[in-house]
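Chemist:
Residue numbers (the working numbering): 62 to 203.
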């Protein structure tokens, strides 16, 4: 990716990550106060989906920078980064990607308790932290 496009991509991803972080934190605060409305539940699902998709894109981009090889599927970027010692191997990326797949493809069967748990227990922070790590790494190579 040319430098100008790389810079614009990273800037857009950084802003997107910050928005997801704010939205999920706010949804967590609301959940502490009361049950979500249907619209808030949908916002939580969509925010998680977008966050995971952004991190899949960042993982693919970072792995390509590290290895020179494109990643064809969602998990490959994370696996290559783990193999290269760039990210921890204890993060359950298959489960995270599986959640994204359910949110996108099996939206009628989403378990609302799982979504609530991911947000209430702040499990989404792992995904946010990866996003920040990937952006920092891509800033260094770009």
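Heads up, the beta-carbon is just placed ideally off N, CA and C, and yes, glycines get one too.
How is the alpha helix (DSSP H) around residue 173 delimited, first residue to last?
Modeler: As a first step, residue 173 is located in the chain shown; it is residue number 112 there, counting from the start. From DSSP, the alpha helix (DSSP H) with residue 173 extends over 173-181.
Chemist: Hey, quick one: how far does the alpha helix (DSSP H) through residue 114 stretch, first residue to last?
Modeler: Position 53 of the chain shown, counted from the first residue, corresponds to residue 114. Here the alpha helix (DSSP H) through residue 114 covers 99-128.
Chemist: Sort 198, 201, 192 by Cα distance to residue 113 and report the nearest one.
Modeler: Here the question's residue 113 lines up with position 52 in the chain shown. That would be 192, whose Cα lies nearest to the Cα of residue 113.
Chemist: Please go through the same chain and pick out, in chain order, the residues whose beta-carbon is closer than 6 Å to the beta-carbon of residue 82, but skip the five residues on each side of it.
Modeler: Looking up residue 82 in the chain shown gives position 21. Cβ neighbours of residue 82 beyond the five flanking positions: 189.
Chemist: Looking at the structure shown, is residue 150 part of a helix, part of a strand, or coil, going by DSSP?
Modeler: Here residue 150 corresponds to residue number 89 of the chain shown, with the count starting at 1. Note: residue 150 maps to coil in three-state DSSP.
Chemist: Verify whether the separation of the beta carbon atoms of residue 105 and residue 119 is less than 8 Å.
Modeler: Locating residue 105 in the chain shown gives position 44, where the first residue counts as 1. Locating residue 119 in the chain shown gives position 58, where the first residue counts as 1. No, the pair does not count as a contact, with Cβ atoms beyond the cut-off.
Chemist: DSSP three-state label for residue 75, please.
Modeler: As a first step, residue 75 is located in the chain shown; it is residue number 14 there, counting from the start. Looking at residue 75 - three-state DSSP - the assignment turns out to be helix.
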